[in-house]
Amino acid sequence: MNLISTPAELMTKAEGILALNDRGSYTVPTHGLYPFQWNWDSCLVSLGQRHTNEPRAWLELHTLFEHQWDDGMVPHIVFHELDDGYFPGPEIWATGKSVPTTGITQPPVAGLAIRRLFEDATDTANAKRSAERLLPLVDRWHQWFYNHRDPERTGLVALIHPWESGRDNSVDWDAPFERVPVDGIAPYERRDLQHADAAHRPTKDQYDRYLWLVEHFRDLNWDNTKLHDASPFQLVDPGFNAILIRSCDDLAEVAEALGHTELAKRNRTMAQKGRDAMESLWQENIGQYACYDRVANTLCDSASIGGILAVLAGLPKARAKAIVKRIETLKEQVNYLVPSHDPSDARFDAKRYWRGPCWLIVNYLITIGLRSADEVSLAQEIEAQSLRLIETSGFAEYYDPMTGEPCGGSSFTWTAAMVMEFCQERHIA
Ligand code: GLC
34 MNLISTPAEL
44 MTKAEGILAL
54 NDRGSYTVPT
64 HGLYPFQWNW
74 DSCLVSLGQR
84 HTNEPRAWLE
94 LHTLFEHQWD
104 DGMVPHIVFH
114 ELDDGYFPGP
124 EIWATGKSVP
134 TTGITQPPVA
144 GLAIRRLFED
154 ATDTANAKRS
164 AERLLPLVDR
174 WHQWFYNHRD
184 PERTGLVALI
194 HPWESGRDNS
204 VDWDAPFERV
214 PVDGIAPYER
224 RDLQHADAAH
234 RPTKDQYDRY
244 LWLVEHFRDL
254 NWDNTKLHDA
264 SPFQLVDPGF
274 NAILIRSCDD
284 LAEVAEALGH
294 TELAKRNRTM
304 AQKGRDAMES
314 LWQENIGQYA
324 CYDRVANTLC
334 DSASIGGILA
344 VLAGLPKARA
354 KAIVKRIETL
364 KEQVNYLVPS
374 HDPSDARFDA
384 KRYWRGPCWL
394 IVNYLITIGL
404 RSADEVSLAQ
414 EIEAQSLRLI
424 ETSGFAEYYD
434 PMTGEPCGGS
444 SFTWTAAMVM
454 EFCQERHIA
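Under this note's numbering, the first residue of the sequence shown is numbered 34, with each subsequent residue one higher.
Here it is, written out as structure tokens:
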């Protein structure tokens, strides 16, 4: 794959970054910009940790799930230690937990991570014990999604805050965000701009709306029986739903292996219902899936990576082929795959966070979907390009898909974890 470094050298560098950001029982995404435990970061990080220390990888997951809410939600950030380098901190969220957390969630990569940790384990006794402990917790989280974020039982869940998607400032949210007011929010000072270039981050207008939503949900005491319907922002993201569907399927695999047939059946049913419903998000004019704005009852006019990530859901053959075609089209317009937004759209911004840059974690999830759909050569190409980015620009948070320039935070944990996965090439279908 034309790399200067050997996989072993890349593994050693990646391991160094994981060690740098390791706080004992959890890992921070990067020093400074993100000083706490983030939900999907941790699940993805465990996939890297398993290559050098399996018990540590399981511990990352156990720590996250220790902070699961009573209603089943697993929060997007756990504020283990005080650190005023990040805004909005625990005092703004005010969720009332003994170890403070935010009040929203993030993409559930847990099922996928647990299956890989479990099936590839060398320490099988520990893997079995850990999986047994985590299975019911992840199952509750999956059920929480369908109970609280799909009240009309459509098979697809909605996000009530852009931060839940993990793709904070995607073009997908622009139109629905116009409905979110900004009046009455408390004055605030952003901290992210002390650590990263303002041109690479969300705008002030977006931040105002992020905060309005937080304050609105806080006023409703973070009661998940109310939040969905009370939110002016209810977005059905194909990428997020695909991750959830995959998490249900993968959890079911592990549950079957351990003899938990009821749990497995429940998760298979949730996954299948979601997969069937995905078809309603197909948008023919852009040749991919798109977000659905539940409040406005319309599909978003936005060709983002969310619609490509859909491939993780185990789609019908023709749809998977269409996604491959879509990635091939994007390839003609960039030097590094996969851009988080279509460069032919005027709203594309090569350096601004989720409006254009490529992210290795998304590349990784796409390659898993492609491999499951037997599209191995494109998956290999994305993996090779991802490793080339590391050689050119180091372990950044994200990269300009045109120049390969590093953007956002540096020494980034999940980027390192994905490099370890790419180097191992131990992908399962
Ligand atoms: C940013 C990303 C989000 C990630 C977090 C920590 O907010 O958009 O997906 O989980 O940083 O890395």
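Note that beta-carbon positions come from the ideal geometry of N, C-alpha and C, so glycine has one too.
Helix or strand or just coil, what does DSSP make of valine 269?
As a working note, residue 269 is residue 236 in the sequence shown. DSSP places valine 269 in strand when its eight states are reduced to three.
Residue from Gly188, Trp73, Gly307 whose Cα sits closest to the Cα of valine 171:
On the sequence shown, residue 171 is found 138 positions in, with the first residue counted as 1. Closest by alpha carbon: Trp73.
Helix, strand or coil for leucine 51 per DSSP?
Working through the sequence shown from its first residue, we reach residue 51 at position 18. If DSSP states are grouped into helix, strand and coil, leucine 51 belongs with the helices.
Using DSSP with H/G/I as helix, E/B as strand and the rest coil, what is tryptophan 174?
By one-based count along the sequence shown, residue 174 stands at place 141. In the structure shown, tryptophan 174 sits in a helix (DSSP, three-state: H, G or I).
From leucine 277 to aspartate 104, what distance separates their C-alpha atoms?
Along the sequence shown, read from residue 1 onward, the residue named residue 277 stands at position 244. Along the sequence shown, read from residue 1 onward, the residue named residue 104 stands at position 71. For leucine 277 and aspartate 104, the distance between alpha carbons rounds to 18 Å.
Where does serine 337 fall in DSSP's three states?
Taking the first residue of the sequence shown as position 1, residue 337 is located at position 304. In this structure, serine 337 counts as strand in the three-state DSSP scheme.
Grab me the residues of aspartate 117's own chain with a C-beta within less than 8 Å of its C-beta, minus the 5 sequence neighbours each way, in chain order.
In the sequence shown, counting from the first residue as 1, residue 117 sits at position 84. So the list reads Arg224, once near-sequence residues are dropped.
Spell out a yes or no on whether the segment 79 to 88 and the segment 145 to 161 are touching, meaning 3 or more CB-CB pairs, one atom from each, closer than 8 Å.
yes
Where does tyrosine 432 sit, in a helix, a strand or coil, going by DSSP?
Working through the sequence shown from its first residue, we reach residue 432 at position 399. It is a strand residue.
Pairs of beta-carbons, one from the segment 411 to 429 and one from the segment 248 to 268, closer than 8 Å: are there three or more?
no
Using C-beta distances below 7 Å, list every residue in its chain close to lysine 364, excluding the 5 sequence neighbours before and after it, in chain order.
Within the sequence shown, the letter at position 331 stands for residue 364. Within the same chain, lysine 364 has close Cβ partners Leu370.
Using the Cα positions of leucine 51 and lysine 306, report the straight-line distance between them to the nearest angstrom.
Along the sequence shown, one-based indexing puts residue 51 at 18. Along the sequence shown, one-based indexing puts residue 306 at 273. Taking the Cα positions, leucine 51 is about 37 Å away from lysine 306.
Count the other CB atoms within 10 Å of the CB of isoleucine 461; is the residue buried (16 or more) or exposed (fewer)?
Taking the first residue of the sequence shown as 1, we reach residue 461 at position 428. Low confidence applies here, because isoleucine 461 scores a pLDDT of 37, under 50, leaving its location unreliable and the question unanswered by this model.
Quick check on DSSP: helix, strand or coil for leucine 36?
Residue numbering aside, residue 36 sits at position 3 when the sequence shown is read from its first letter. In this structure, leucine 36 counts as coil in the three-state DSSP scheme.
Which residue wins for smallest C-alpha separation from valine 357, given the options Glu185, Val344, Val367?
On the sequence shown, position 324 is the one that residue 357 refers to. For the residues Glu185, Val344, Val367, the minimum Cα distance to valine 357 belongs to Val344.
Can you find the residues in the same chain that come closer than 7 Å, C-beta to C-beta, to histidine 109, ignoring five residues on each side of it along the sequence?
As a position in the sequence shown, residue 109 is number 76, starting the count at 1. Closer than 7 Å at the Cβ level, and outside the excluded window around histidine 109, lie Trp71, Asn72, Thr135, Ile137, Thr138, Gln139, Trp196, Glu197.
Using the beta-carbon count (16 or more within 10 Å), is valine 328 buried or exposed?
The residue you call residue 328 lines up with position 295 of the sequence shown. Classification for valine 328: exposed.
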